[in-house]
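Before any comments, here is the structure.
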Amino acid sequence: MMQQAKTNMHVQVVQNQTAGGLAGFKVFENALDNGAQVLGLATGSTPVTIYDELAASDLDFSRLTSINLDEYVGLTADHPQSYHYFMQQHLFNAKPFAHSFVPDGMNPDADEETQLYDALIKANPIDLQLLGLGQNGHIGFNEPGTDPTSTTHKVALTESTIEANARFFDNADEVPRYAYSMGIGSILKAKQILMVAYGAAKADAVAAMLQGPVTPDVPASYLQTHPNVTVILDQAAASKLN
């Protein structure tokens, strides 16, 4: 079972993040050529070079739908640290979609917001889902121990995440403590998944994701059970693969 699943993990090792951006762009371009209508998007530094390539391209997203993985609870859409804002800056200003969805971080009713987002995903099945990889193997805000069948849920951020984010805010009280995130189960429903990871700090997580057991201790390891995953790595991130 494990070996069969791994044959569906298409790994591509590139020189650097610039080359990774071009390789990721080609995955998006191919998905659109094959009729993709709904794109699942991610934030953070990892996908930026892919978004740069998409923004500079002649691809037309004006009839497509985008659905983002996650958003901080308590940040307005126009807050510079919100994922709404990130997407506007890195992609949507250059390439508007017909419909773009990001969880509403200002909705105080977690049950309502997560159910709305699950309904949205059900009504708009994701054709291609872009993912980054955490150093501990997390995907989205799904930390080790997350139920692999989980759908959209409210997540308490780890202390390390809160501390890392503190530099972006004027005072500690403003730093988000929670996020809304697609669950592992939500992510695995996408027809195709593109996982991107760069840097030596990700090497252990990459090895566990691709060559370790499928386990809640490494949320990204559940990608081994998906039928169509492309993995783009730089040489440092791939350095601990056998």
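For the sequence shown, the numbering used here gives the first residue as 37, with consecutive numbering after it. Yeah, the Cβ is synthetic: ideal placement off N, Cα and C, and Gly gets one too.
Whose CA, out of the options, lies closest to the CA of residue i?
| i | options | result |
| --- | --- | --- |
| Ala237 | Asn129, Val84, Leu169, Asp114 | Leu169 |
| Glu65 | Pro252, Ile86, Gly235, Val250 | Ile86 |
| Asp270 | His262, Val242, Val254 | Val242 |
| Val109 | Gln260, Val232, Glu210 | Glu210 |
| Thr185 | Val50, Thr261, Val47, Gly80 | Thr261 |
| Glu89 | Ala200, Met231, Gln53 | Gln53 |
| Asp96 | Asn129, Val84, Thr112, Tyr119 | Asn129 |
| Asp94 | Ala59, Leu58, Gly76, Lys131 | Lys131 |
Compute the Euclidean distance between the alpha carbons of residue i and residue j, then round it to the nearest angstrom.
| i | j | result |
| --- | --- | --- |
| Glu195 | Ala55 | 33 Å |
| Ala202 | Phe133 | 32 Å |
| Pro144 | Val138 | 15 Å |
| Thr82 | Glu148 | 30 Å |
| Ile268 | Ala78 | 15 Å |
| Ala256 | Met245 | 5 Å |
| Asn160 | Thr182 | 24 Å |
| His115 | Asn278 | 43 Å |
| Gln48 | Thr266 | 8 Å |
| Leu75 | Ile157 | 11 Å |
Per DSSP, residue i is paired with what?
| i | result |
| --- | --- |
| Gln165 | Gly76, Ile229 |
| His46 | Thr266 |
| Ile175 | Asn178 |
| His135 | Thr101 |
| His189 | Ser217 |
| Glu107 | Tyr216 |
Within the same chain, show all residues whose beta-carbon is closer than 6 Å to that of residue i, passing over the 5 residues directly before and after it, in chain order.
| i | result |
| --- | --- |
| Gln228 | Leu164, Asn264 |
| His135 | Thr101 |
| Asp253 | Pro180 |
In chain order, what residues of the same chain lie with their CB nearer than 8 Å to the CB of residue i, ignoring the 5 residues before and after it?
| i | result |
| --- | --- |
| Phe205 | Gln117, Val211 |
> Is it true that the region 215 to 222 meets the region 100 to 107, where meeting means three or more beta-carbon pairs spaced less than 8 Å apart?
Replying inline: yes
>> I'd like to know if the region 65 to 74 and the region 111 to 130 are in contact, where contact means that at least 3 CB-CB pairs between them fall below 8 Å.
In response: no
> Using 8 Å as the Cβ pair cut-off and three pairs as the minimum, do the region 222 to 239 and the region 164 to 178 touch?
Replying inline: Of all C-beta pairs linking the region 222 to 239 to the region 164 to 178, three or more are shorter than 8 Å, placing the two stretches in contact.
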